[in-house]
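Under the UniProt record's numbering, the sequence shown has 145 at position 145, and the numbering climbs by one with no breaks.
The structure under discussion appears below in the form of structure tokens.
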Amino acid sequence: MRIGLYPGTFDPITLGHVDIIQRAMALVDRLVIGVAINRDKKPLFDLEERVAMVQAECDQIASRTGGEIVVHPFENLLIDCARDVGAQVIVRGLRAVADFEYEFQMVGMNRALDASIETVFMMADARRQAIASKLVKEIARLGGDVSKFVTPPIQQALADRFRG
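Given below as structure tokens:
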């Protein structure tokens, strides 16, 4: 069984993430979505909220594709998480050259830790390349329309968070 790991903080999950998840499903038999506990980023949504949002979006994708998607929170090294879930492949989405520079460094470090786990880069769909969770949160915080960047349940979650 080919198992892939798509890690991220998903704060919140965007249509860019959904695009990568849908396309990664064609590459693996099981896709594990690793929801990172990253205390340095100070997420808007806590881990349980992010896991629930990712799970809801992935349930929709799995019902359309018939594929297996597992949502897995993690706080350890990415390479250790990949080992924990039995992943042979780490899936990473790229939007721009700046993403590549960071990801290039990460691949080098991960390969030094475990050369048996490959990293696959997927370019975001051209319509989704500008979407970044950080920018989506800023737009929502300032009362802007984020409907082009997230699904309706995520849009509602953002509106509820910033109204409260």
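Every residue gets a Cβ at the ideal spot worked out from N, C-alpha and C, and that includes glycine.
Since the model is a prediction, treat every value here as computed from it, not as a measurement.
Less than 8 Å between the C-beta atoms of residue i and residue j, yes or no?
i: Ala82; j: Gln129; result: no
i: Ile33; j: Val85; result: no
i: Pro73; j: Leu44; result: no
i: Thr119; j: Ile90; result: yes
i: Ile21; j: Ile61; result: yes
i: Ala124; j: Leu94; result: yes
i: Glu103; j: Arg92; result: yes
What's the gap between the Cα of residue i and the Cα of residue j?
i: Leu31; j: Arg141; result: 32 Å
i: Ser147; j: Asn110; result: 35 Å
i: Ala26; j: Leu158; result: 30 Å
i: Ala115; j: Asp80; result: 12 Å
i: Asp160; j: Gly143; result: 11 Å
i: Leu135; j: Leu113; result: 32 Å
i: Lys42; j: Ser133; result: 13 Å
i: Asp40; j: Asp145; result: 27 Å
i: Cys58; j: Gln155; result: 16 Å
i: residue 209; j: Gly4; result: A query on residue 209 cannot be resolved here, the shown segment of the chain reaching from 1 to 164 and no further.
Between residue i and residue j, how many whole angstroms is the CB-CB distance? I'm expecting something under 8 Å.
i: Gln88; j: Arg23; result: Incorrect: roughly 18 Å between the Cβ atoms, too far for contact.
i: Ala56; j: Pro152; result: Not quite, the Cβ-Cβ distance comes to about 11 Å (not below 8 Å), so this is no contact.
i: Ile139; j: Leu15; result: Actually they are not in contact, since the Cβ atoms of Ile139 and Leu15 sit about 13 Å apart, beyond 8 Å.
i: Val35; j: Arg50; result: 5 Å
Going by Cα to Cα distance, which pick from the options is closest to residue i?
i: Ala150; options: Tyr6, Tyr102, Phe10 and Leu5; result: The residue you asked about is not Ala; residue 150 is Val in the sequence shown. If we check each option's Cα against that of Val150, Phe10 comes out closest.
i: Gly8; options: Ser63, Met25, Asp29 and Asn38; result: Asn38
i: Phe121; options: Leu158, Phe100 and Gly144; result: Phe100
i: Leu78; options: Val146, Val107 and Leu158; result: Val107
i: Ile69; options: Tyr6, Ala159 and Asp125; result: Tyr6
i: Lys137; options: Phe162, Asp19, Arg127 and Asp114; result: Phe162
i: Ala126; options: Pro12, Gly4 and Asp19; result: Asp19
i: Pro12; options: Asp40, Gly4 and Val54; result: Val54
Please list the terminal residues of the continuous alpha helix (DSSP H) segment that includes residue i.
i: Arg111; result: Val97 to Leu113
i: Glu68; result: Unbroken run through Glu68 is the beta strand (DSSP E), Glu68 to Phe74; no alpha helix (DSSP H).
i: Leu15; result: Leu15 to Ala24
i: Leu77; result: That residue, Leu77, is in no alpha helix (DSSP H); it is neither H nor E in DSSP.
Between which two residues does the beta strand (DSSP E) harbouring residue i extend?
i: Arg50; result: Here Arg50 belongs to no beta strand (DSSP E); instead the alpha helix (DSSP H) covers Leu47 to Thr65.
i: Ile3; result: Ile3 to Gly8
i: Arg30; result: Arg30 to Ala36
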